[in-house]
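Residue numbers for the sequence shown follow the numbering used here, beginning at 213 and rising by one. Right, one structure below, let's go through it.
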Amino acid sequence: MKNLLNYQSSEYDCGPVTLTNAIRYLFEREEIPPDIIKNIMLYCLDSYNEAGEVGKQGTSTSAMMFLGSWLNQFGAIRKFPVSCEFLSGESVYFSQNSRIVSAIQQGGAVVLRLFLDVEHYVLLTGIEGEDVILFDPYYEELDDPELDAEFFSGGISFITDQPKKANRRISMERLNRHGKGFYEMGPCGIREALIIFNQEKRITPEATIEYFI
């Protein structure tokens, strides 16, 4: 059985929650080894804020890179069908031939860092036309009178009926922006993404549907 995707418990744990959501999205509950959940929580929330408080700067790029490498090694040693690829810089963008679009078309999930007031991790799970379907672990309610007005700006919409896959639809044009508005990826120099596959359910490139901007 596939699990529902989770929301953050604090202002800081988007990293471990999104990594765990990637595993929950790609694998059945009965398939998931406890070692993976344990190590995600062990190595995330590693950044210090200006006051020297651990975890209050969230999860670092180094931790995401390490966990991607660790998952690859775990998969090889334990014969668990997980594989990861870490992307950074100019390789993190959306277009017809981009690595991220290809990975999603092949059935993968992508842990992506973007902006939501601050740097923030979300899980990409699908593509619909020129939009990306994603799960944002920061819980918001549409009828909340204090909901930030930027959620209603162009290229952002809510999904309310796919709790095992997505709760936002974001335009690729918005994601590709170099600014720091909601759901923008920001300057190329700070971009990062971790692609994760369930190798047993990965779709071969020849079988994917071509996407054209």
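Where a beta carbon is used, it is the ideal one built from N, C-alpha and C, also for glycine. These numbers come from a predicted model, not from an experiment.
Query	Result
Which of helix, strand or coil DSSP assigns to V313	helix
Beta-carbon proximity of R403 to G301, cut-off 8 Å	yes
Span of the alpha helix (DSSP H), counted from its first residue to its last, around D343	Taken as a continuous stretch (DSSP letters only), D343 belongs to no alpha helix (DSSP H), being part of the beta strand (DSSP E) at D343 to F347.
8 Å contact criterion, which L328 and Y395 should meet: CB distance rounded	7 Å
Coarse secondary structure for N410, derived from DSSP in three states	strand
Inter-residue Cα distance where the pair is P357 and F370	16 Å
Stretch pair the segment 251-260 + the segment 227-239: three plus CB contacts closer than 8 Å	yes
Cut-off 8 Å between Cβ atoms - residues of its own chain near L339, not counting five sequence neighbours on either side	Reading off the sequence shown, one finds Ile at residue 339, where the question assumed Leu. Closer than 8 Å at the Cβ level, and outside the excluded window around I339, lie V313, I316, Q317, I345 and Y423.
Nearest to R414 (by Cα), restricted to the options G320, F239, R236 and Y219	G320
Contact the segment 273-290 vs the segment 371-386: 3+ CB pairs below 8 Å	no
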